[in-house]
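For what it's worth, my numbering labels the leading residue of the sequence shown as -18, then goes sequentially.
Ideal Cβ positions, reconstructed from N, Cα and C, are used throughout, including at glycine.
The structure appears below as structure tokens.
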Amino acid sequence: MLKFTSSEIRDLFIAFVVISLCFGIANTGRDMAALMAILPMIMVGVGLGFILHELGHKFVSMKYGYWAEFKLWPQGLIFALITSFFGFVFAAPGAVYTYANYMTDEINGKISVAGPVVNIVLAALFFIVATLVYRSAFTSQTSLLIYQICALGYSINSFLAVFNLLPIGNLDGSKVLRWNVGIWIVTIAIAGIMTALPMTMSFEIMVRTVLGF
């Protein structure tokens, strides 16, 4: 069973709110009206992306019999908030700490890759739902809202995946690379392509391409 301490739940909630705000600022700048309009949609994408990313680490850690707990990194939250005003987010609000006397590179790598894989899967699911909704030709305001949430969810989760797979510092990528170069190359390549596609064509064109029109 997944077990949470009260301090862990508090840290997850604070990180979720602040990171959602950061992505909102990065997407809207200082336009408060636009920020308030887009924030609920970003919270869905970030909420699923951030919380499930960390739970991915926690679940795999506990699968191997280790105690794992998310802890907030206040300096990381402040830095994320600062970078958001420059149009991007250095998303490092905290991390799941796995307590173990000894851990092989393989187990550490599997624990580390779990988070980015969750984001890749979520991005793919957001894209699939967006495609299905687009096919319905937005028969209601609700369907249009779902499409917009999916577009943001895809963008945020693909970015979170590629960012966390960077082989620098304590990010997941350095641990995955130390464990298995091939798996690191495949996962960061998938995440990188998913992140780059909306930069070369609009999300709508991506959806229309898949639908064949």
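Can you name the residues that DSSP bridges to residue i?
i     : result
Tyr80 : Trp48
Gly75 : Leu53
Tell whether a beta-carbon distance below 8 Å holds between residue i and residue j.
i      : j       : result
Val27  : Phe(-3) : yes
Tyr78  : Lys52   : yes
Val25  : Gly134  : yes
Phe184 : Ala132  : yes
Leu192 : Val99   : no
Ile0   : Thr9    : no
Val143 : Ala111  : no
Met13  : Gln129  : no
Ala49  : Leu141  : no
Ala81  : Trp54   : no
Who are the near neighbours of residue i in its chain, counting only those whose CB is closer than 7 Å to its CB and skipping five residues on each side?
i        : result
Ala7     : Ser65, Gly68, Phe69 and Val70
Lys(-16) : none
Ile164   : Val94 and Val157
Gly5     : Leu16, Ile19, Leu20 and Ile23
Thr(-14) : Glu50
Kindly list the residues whose CB is nearer than 6 Å to the CB of residue i, restricted to its own chain and excluding five residues on each side of it in sequence; keep chain order.
i      : result
Met175 : Ala104 and Ser139
Leu152 : Asn145
Trp160 : Asp86, Glu87 and Gly90
Residues in the same chain with beta-carbon distance under 8 Å from residue i, minus the five sequence neighbours each way, listed in chain order, please.
i      : result
Ser124 : Val114 and Ser117
Val41  : Lys91, Ile92 and Ala95
May I ask you to check if the CB of residue i is nearer than 7 Å to at least one heavy atom of the ligand SAM?
i      : result
Leu106 : Ligands in the displayed structure: none, and consequently the ligand SAM is not present.
Which word fits residue i, buried or exposed, when buried means at least 16 other C-beta atoms lie within 10 angstroms of its C-beta?
i      : result
Ser136 : buried
Lys44  : exposed
Pro74  : buried
Gly154 : buried
Ala15  : exposed
Val188 : buried
Gly195 : Lying before the first or after the last residue shown, residue 195 is absent from the chain, which here runs from -18 to 194.
Gly150 : exposed
message = Could you tell me which whole alpha helix (DSSP H) segments of length 4 or greater appear in the stretch 15 to 72?
response = 55 to 65
Original post:
Can you give, in chain order, each stretch of the alpha helix (DSSP H) that sits fully within the stretch 139 to 171 and has at least 4 residues?
Top reply: 153 to 160
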